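Okay, so here's the structure we're looking at.
Number of protein chains: 4
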Amino acid sequence: MTKPGSPQGDAVPGSLIDESHLRSLPVTARGLRTRQSLVRAARRVFERDGFINSRLTDIAREANTSIGTFYTYFDSKDEIFTAVLQVAQDDMLHPGLPHVEEDPENIAAVLEASNRAYFEAYGRNAKLMVLLEQVATINPEFRALRIERSRLFTVRVARWIEAAQEAGMADPALDPVMTARALASMVSRLAYYSFSLGEDWDVDAMVETSTKLWFNALGMTLPQPASA
Amino acid sequence: MTKPGSPQGDAVPGSLIDESHLRSLPVTARGLRTRQSLVRAARRVFERDGFINSRLTDIAREANTSIGTFYTYFDSKDEIFTAVLQVAQDDMLHPGLPHVEEDPENIAAVLEASNRAYFEAYGRNAKLMVLLEQVATINPEFRALRIERSRLFTVRVARWIEAAQEAGMADPALDPVMTARALASMVSRLAYYSFSLGEDWDVDAMVETSTKLWFNALGMTLPQPASA
Amino acid sequence: MTKPGSPQGDAVPGSLIDESHLRSLPVTARGLRTRQSLVRAARRVFERDGFINSRLTDIAREANTSIGTFYTYFDSKDEIFTAVLQVAQDDMLHPGLPHVEEDPENIAAVLEASNRAYFEAYGRNAKLMVLLEQVATINPEFRALRIERSRLFTVRVARWIEAAQEAGMADPALDPVMTARALASMVSRLAYYSFSLGEDWDVDAMVETSTKLWFNALGMTLPQPASA
Amino acid sequence: MTKPGSPQGDAVPGSLIDESHLRSLPVTARGLRTRQSLVRAARRVFERDGFINSRLTDIAREANTSIGTFYTYFDSKDEIFTAVLQVAQDDMLHPGLPHVEEDPENIAAVLEASNRAYFEAYGRNAKLMVLLEQVATINPEFRALRIERSRLFTVRVARWIEAAQEAGMADPALDPVMTARALASMVSRLAYYSFSLGEDWDVDAMVETSTKLWFNALGMTLPQPASA
DNA sequence: TATGAATGAGCCTTCATTCAT
DNA sequence: TATGAATGAAGGCTCATTCAT
Numbered sequence: 000m001t002k003p004g005s006p007q008g009d010a011v012p013g014s015l016i017d018e019s020h021l022r023s024l025p026v027t028a029r030g031l032r033t034r035q036s037l038v039r040a041a042r043r044v045f046e047r048d049g050f051i052n053s054r055l056t057d058i059a060r061e062a063n064t065s066i067g068t069f070y071t072y073f074d075s076k077d078e079i080f081t082a083v084l085q086v087a088q089d090d091m092l093h094p095g096l097p098h099v100e101e102d103p104e105n106i107a108a109v110l111e112a113s114n115r116a117y118f119e120a121y122g123r124n125a126k127l128m129v130l131l132e133q134v135a136t137i138n139p140e141f142r143a144l145r146i147e148r149s150r151l152f153t154v155r156v157a158r159w160i161e162a163a164q165e166a167g168m169a170d171p172a173l174d175p176v177m178t179a180r181a182l183a184s185m186v187s188r189l190a191y192y193s194f195s196l197g198e199d200w201d202v203d204a205m206v207e208t209s210t211k212l213w214f215n216a217l218g219m220t221l222p223q224p225a226s227a
Numbered sequence: 000m001t002k003p004g005s006p007q008g009d010a011v012p013g014s015l016i017d018e019s020h021l022r023s024l025p026v027t028a029r030g031l032r033t034r035q036s037l038v039r040a041a042r043r044v045f046e047r048d049g050f051i052n053s054r055l056t057d058i059a060r061e062a063n064t065s066i067g068t069f070y071t072y073f074d075s076k077d078e079i080f081t082a083v084l085q086v087a088q089d090d091m092l093h094p095g096l097p098h099v100e101e102d103p104e105n106i107a108a109v110l111e112a113s114n115r116a117y118f119e120a121y122g123r124n125a126k127l128m129v130l131l132e133q134v135a136t137i138n139p140e141f142r143a144l145r146i147e148r149s150r151l152f153t154v155r156v157a158r159w160i161e162a163a164q165e166a167g168m169a170d171p172a173l174d175p176v177m178t179a180r181a182l183a184s185m186v187s188r189l190a191y192y193s194f195s196l197g198e199d200w201d202v203d204a205m206v207e208t209s210t211k212l213w214f215n216a217l218g219m220t221l222p223q224p225a226s227a
Numbered sequence: 000m001t002k003p004g005s006p007q008g009d010a011v012p013g014s015l016i017d018e019s020h021l022r023s024l025p026v027t028a029r030g031l032r033t034r035q036s037l038v039r040a041a042r043r044v045f046e047r048d049g050f051i052n053s054r055l056t057d058i059a060r061e062a063n064t065s066i067g068t069f070y071t072y073f074d075s076k077d078e079i080f081t082a083v084l085q086v087a088q089d090d091m092l093h094p095g096l097p098h099v100e101e102d103p104e105n106i107a108a109v110l111e112a113s114n115r116a117y118f119e120a121y122g123r124n125a126k127l128m129v130l131l132e133q134v135a136t137i138n139p140e141f142r143a144l145r146i147e148r149s150r151l152f153t154v155r156v157a158r159w160i161e162a163a164q165e166a167g168m169a170d171p172a173l174d175p176v177m178t179a180r181a182l183a184s185m186v187s188r189l190a191y192y193s194f195s196l197g198e199d200w201d202v203d204a205m206v207e208t209s210t211k212l213w214f215n216a217l218g219m220t221l222p223q224p225a226s227a
Numbered sequence: 000m001t002k003p004g005s006p007q008g009d010a011v012p013g014s015l016i017d018e019s020h021l022r023s024l025p026v027t028a029r030g031l032r033t034r035q036s037l038v039r040a041a042r043r044v045f046e047r048d049g050f051i052n053s054r055l056t057d058i059a060r061e062a063n064t065s066i067g068t069f070y071t072y073f074d075s076k077d078e079i080f081t082a083v084l085q086v087a088q089d090d091m092l093h094p095g096l097p098h099v100e101e102d103p104e105n106i107a108a109v110l111e112a113s114n115r116a117y118f119e120a121y122g123r124n125a126k127l128m129v130l131l132e133q134v135a136t137i138n139p140e141f142r143a144l145r146i147e148r149s150r151l152f153t154v155r156v157a158r159w160i161e162a163a164q165e166a167g168m169a170d171p172a173l174d175p176v177m178t179a180r181a182l183a184s185m186v187s188r189l190a191y192y193s194f195s196l197g198e199d200w201d202v203d204a205m206v207e208t209s210t211k212l213w214f215n216a217l218g219m220t221l222p223q224p225a226s227a
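Protein chains in written order, with numbering that gives the first Met the number 0: chain L, 0 to 227; chain R, 0 to 227; chain V, 0 to 227; chain E, 0 to 227.
Right, here's the structure in full:
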């Protein structure tokens, strides 16, 4: 049985960022420092003003450098946005989950931990997620990035569902891919409403509800009652 | 038992559009015609180029008028976008569902019909939905519009879930509001992936899967097997 | 001895308006009525918004007609402004003074009455005066109009001063033209500060002060002491 | 006895310019140079075309820069106009008069010198004065600036008149404030007609006439006749 | 590497004027 | 005469990007 990984689904920065857009890193320590302060400044400005309403001069000022220096490290707004995403993806990619497989009793625990990891990571990067959403509506490359990530994750979840169906643990009538999409969406949107639109739900409650819905939806019986 | 209505959830234009943004309509038939051709041209241009990348001159040209004429009818891009949404909402608002209530055997049918109506309306307005998503990331007013719609729909679904729980037909452990959000998201995102991101699923399959997931998730038993 | 007439000096609409700019008046009663309501509306709009910041559409709306109708009667903004001035000049031109001449005892009375008439007319047309000032700074024709009026009036006052000097009643060392300019300016500016810039002085006080200053400045002795 | 200062009265740029409108000056010498050439170009263009009929592109072209560069230093036409005024005010503000007080014989000399300084400064800035007049008719802030300057100057003159009245040297029946307004107006308008409207009088004659009128009007006796 | 001034294409917006009805 | 929709030249302003120092 495969593990679903974190249901980053909809909109999670992953390892797919097209790094060809990024220049080689500066060689001197000073250069590295300047570059880093630009990336951090960019994140703050983007999160504050949105991608569209932000200006490169704002980013340069926020980083206490000049606009000329900006162009020493980045070729465009898109490029520094890519760099910002790259920093965030390290955080979003850690499902932090050990490979707990083949053990039916642990499925619920794995899923719950996975969901929890996702919600927590989302919480840390909520503003950036909204940002990526915005940029994806404008720029085809970032849109493709988002879609590809989503697709990859869905495939993983779909395989996991198939395995569960084969093991007789999930409703075999469900289409695995479509179901994977649906369930992944459920979790990512819950996170979106809570963190980005201000519902501000309790993370424990979200974890519990989403895990239960996932189980129910798949026609799984929670292992605990079974063993009780 | 209340019916959920169509799960227009996430992003459906409803009656909440702030019409105060719209000027009074022109008095002559000619004016009405010109205005209409502008709105239609705007929809085409927006759908083709996106809201941000479209220019008012493009809209005017597409409508075979001058830019001056544009300003005769609208004050801004936002305003004509409001007008475009208003045209679409008539289509999105009709769930077209008769009030089928109190009859347990019909719940599945109602839900299925509701979902189908939603998917079909979404299919007709898919590009516009993407557009609204984009604009909502930029403009606080349209964002508020989307959120409010979503909230209203969630409330309706939540009430329906509560009623089902009270009738002993749904898992009483689920938080009604959070669950409503999750399930509505599931359906709207399925539509989004299929129509806007090119998954291009069969509508029947989407209706079937989403209805089943919804039922399962709530811990309902489908009426058919019950009677079997 | 010539009488000075009203010291309309600086900025008083006179009979110099170039009427060649004005079309022939409409023939029908209805046409006359429409034209008149346009002129009145224009005056209100000009006085409210200034010449530059007013739009022809505003004038048409204020007159309850259409912009098309405006062009039935006037060719341009300048033209209707000319018409507005023409209406006002009838009021500004009435010095309301009988020819009181040759009688030394009456000089003060004549001057006082003349000044009073000027201040009162200015008060009735203060907003229009400001308007003419604005337009004169923009449009050479209206500037020329203002200058010519001013010049004519100065000439009259200068002749009057010369006559007084010849009669031994005024300081012969004064340059008549320059003095005429100076004295006329004094009165018109007093009116400007009071009515247009909000000093809001008492008209009696203005009349008294300006008459006394005029007399003193010319080295005239007020008739009363003469009889003493 | 207070000295009146130069009768800059009506329309003289003073220290009241709202400098908050001005951005911080550029840091580099090159920037300073560019800014200065823009201000000079603006003055030329304004004086040539008037404030209203001038375009920012004209100013940029006259300064041999791009329109973008204009916006590097100024936010608007109003702002560069403020900068133009600021340059001029240094010239207009120096009455260049020593404090000659308490000495009755010198009153005429002080007044004459003051008037002369005013006429000469006006002559150097005549076009700018006309410009300020135009802008004041359009823009409330500049209007307020002009009014405030005028008020301040009038207050100074009024105090001087009061002192003269108390010393028994001026007609005690005159209202000091109104008289101050009237006399200041006399001088400033004389300058206006001569320099801006093309009368082109001899400065000596203007100084002599205005000083004499001022003395006569106040009921003062010129010291010279006393010695005759 | 760092700086910040210079650039100008590109888009928005206004409103006097024309014209078909 | 009256109407009001249609027009587009004209000018304002932004900001990513270039470049000289």
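For every residue, glycine included, the Cβ atom is placed at its ideal position computed from N, Cα and C. Since this is a predicted model, take the numbers as computed values, not measurements.
Asked	Found
Could you run through the stretch 192-206 of chain L and flag, in chain order, every residue whose CB is less than 8 Å away from some CB of chain R?	Y192, L196, E198, W200, A204, M205
Mind listing which residues of the stretch 168-191 of chain L have their C-beta closer than 9 Å to chain R's C-betas, in chain order?	D170, A172, L173, D174, V176, M177, T178, R180, A181, L182, A183, S184, M185, V186, S187, R188, L189, Y191
Under the rule that 16 or more other beta-carbon atoms within 10 Å means buried, what is L:V26, buried or exposed?	exposed
Anyone know if the C-beta pair for E:L84 and E:A62 falls short of 8 Å?	no
Measuring only the C-alpha atoms, how far is V:S209 from V:L217?	12 Å
Please state whether the Cβ-Cβ distance between L:A163 and L:A169 is less than 8 Å.	yes
Mind listing the chain V neighbours of E:K228? Cutoff is C-beta to C-beta under 8 Å, in chain order.	Because chain E in this structure spans residues 0 to 227, residue 228 of chain E falls outside the shown range and cannot be described.
Would you mind sorting R:N52 into buried or exposed? The rule is 16 or more other CB atoms within 10 Å of its CB.	exposed
Hey, V:V206 and V:R123: beta-carbon distance below 8 Å or not?	no
Given this structure, state the Cα-to-Cα distance separating V:W213 from E:Y192, to the nearest angstrom.	19 Å
Once you ignore the five residues that flank V:S195 on each side, which residues in its own chain have a CB closer than 7 Å to its CB?	A125, M128, V129
Quick one: give me the first and last residue of the alpha helix (DSSP H) that L:G122 is part of.	106-123
When the Cα atoms are used, what is the spatial distance from E:M177 to V:L189?	8 Å
By DSSP, does E:M219 sit in helix, in strand, or in coil?	coil
Just to confirm before moving on: does the CB-CB distance between E:T136 and E:A183 stay below 8 Å?	no
Helix, strand or coil: which one does DSSP assign to R:I51?	coil
Counting only beta-carbon separations shorter than 8 Å, does L:D136 have a partner in chain R?	Contrary to the premise, residue 136 of chain L reads as Thr rather than Asp in this sequence. Yes, contact with chain R.
Quick one: using the 10 Å Cβ neighbour count with 16 as the cut-off for buried, is V:R155 buried or exposed?	buried
State the DSSP-derived secondary structure class of V:G67, mapped to helix, strand or coil.	helix
Which one of L:D199, L:I106, L:I160 has the shortest CA to CA distance from L:A181?	L:I160
Using a threshold of 8 Å, state whether the C-beta atoms of L:M185 and R:M185 are closer than that.	yes
Please compile the residues from chain V whose C-beta is within a distance smaller than 9 Å of the C-beta of E:N114.	Ordered by position in chain V, no residue passes the 9 Å Cβ test against E:N114, which lies about 12 Å from the chain.
Which first and last residues belong to the alpha helix (DSSP H) in which E:V154 is found?	139-165
Applying the 10 Å Cβ sphere with the 16-neighbour rule, what's the burial state of E:T81?	buried
According to the neighbour-count rule (16 or more other Cβ atoms, all chains shown, within 10 Å of its Cβ), is E:H98 buried or exposed?	Unreliable positioning characterises E:H98 in this predicted model, as indicated by a pLDDT of 43, which lies under 50. The coordinate reading is nonetheless provided below. Looking at its Cβ environment, which holds fewer than 16 other Cβ atoms inside 10 Å, E:H98 is exposed.
Which class does L:S193 belong to by DSSP, given the choice of helix, strand or coil?	helix
Can you tell me which of the three DSSP states R:L96 falls into?	Low per-residue confidence applies at R:L96: pLDDT is 42, beneath 50, and the placement is therefore not dependable, though the value from the model is reported in the following sentence. Coil.
Look at the alpha carbon of E:Y70 and the alpha carbon of R:F50, and state the distance between them as a whole number of angstroms.	28 Å
Measure the beta-carbon distance from R:I58 to R:A87 and round it to whole angstroms, keeping in mind my assumption that it falls under 8 Å.	Going by Cβ atoms, the distance from R:I58 to R:A87 rounds to 17 Å, so no, they are not a contact pair.
Look up L:D90 in the DSSP assignment and say whether it is helix, strand or coil.	helix
Output needed in chain order: residues of the stretch 122-133 of chain R with a Cβ under 8 Å from some Cβ in chain L.	V129, E132, Q133
When you compare only the Cα positions, how much space is there between V:E46 and V:Q133?	11 Å
To the nearest angstrom, how far is the alpha carbon of E:G67 from that of R:I146?	40 Å
By how many angstroms is the C-alpha of E:R42 removed from the C-alpha of E:R54?	12 Å
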